[in-house]
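A short write-up of the structure that comes next.
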Amino acid sequence: MARTQLPVHPDDQDQPLPVAVRSSPAFLMKQVSDLFRQRFEGVLHTQQLHPRQYLLLLVLRDEGTMPQQALGARVRMDRTTTMQAVQRMAELGLVAREDDCADRRVYRLVLTPAGRTLVDVLEASIHRAEAQLLAPLPLAAQEIFREQLQAIIAAAGPKARARCDLDESLPR
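For the sequence shown, my numbering assigns the number 14 to the initial residue and increments by one for each residue that follows.
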């Protein structure tokens, strides 16, 4: 059954949300998540990258060359999704595949100089976007906010964290 969208009256746009919504952590977190996600994806979109691809680039930059299968496992990404992401990054010249000397069936992924430069530029842009969103909070409160988010995630346990690592609803 298709959902019908109710018309929004222009005057309603300026009204505060109901108290039940403004005081609900779930609704508040959804709004904050949407704000951060829009900025994050906006930065990546300028380079035609998906969040999954950016994640793989970060891991390759920070942890170095590794087999494609190990890279996917490192970020809890299935083989097909990893292969598609790597294929796209290779097409863009961001990663290169090298044969593994020990096992000819294995490809080792290497971040190219262009990939390294791009991931550094994107990371700086994403940090600026995050800083803009967090700017209303004093610096001490920003750190507390991060710590509280990390505590909530840690308390959810490893299985819950694994399900949340990558949003599978995003297009590949």
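Every residue, glycine too, gets a C-beta built ideally from N, C-alpha and C.
With a beta-carbon spacing of about 5 Å, A98 and R65 fall inside the 8 Å limit used to define contacts. For the pair of segments examined, the segment 138-150 was found to touch the segment 44-59: the number of CB pairs separated by less than 8 Å reaches three. Within the same chain, Cβ atoms closer than 8 Å to the Cβ of V34 are found at F40, the five residues on either side in sequence being excluded. If you ignore the 5 residues before and after R121, its C-beta comes within less than 6 Å of the C-beta of T78, P80, E111, D113, all in its own chain and listed in chain order. Under the three-pair Cβ rule at 8 Å, the segment 66-73 counts as touching the segment 86-100. Membership of R110 in the beta strand (DSSP E) is indicated by the continuous run 108-112. Apart from sequence neighbours up to five positions away, the residues of its chain that approach A127 with a beta-carbon distance below 7 Å are G106, L107, ordered along the chain. DSSP places V123 inside the beta strand (DSSP E), whose first and last residues are 120-124. Residue environment analysis places V132 among the buried positions, since at least 16 neighbouring C-beta atoms fall within 10 angstroms of its C-beta. According to the DSSP secondary-structure assignment, P31 is paired through a beta bridge with no residue. Our two residues, T125 and M42, have alpha carbons roughly 37 Å apart in a direct line. Straight through space, the alpha carbons of R50 and R117 are spaced by roughly 39 Å.
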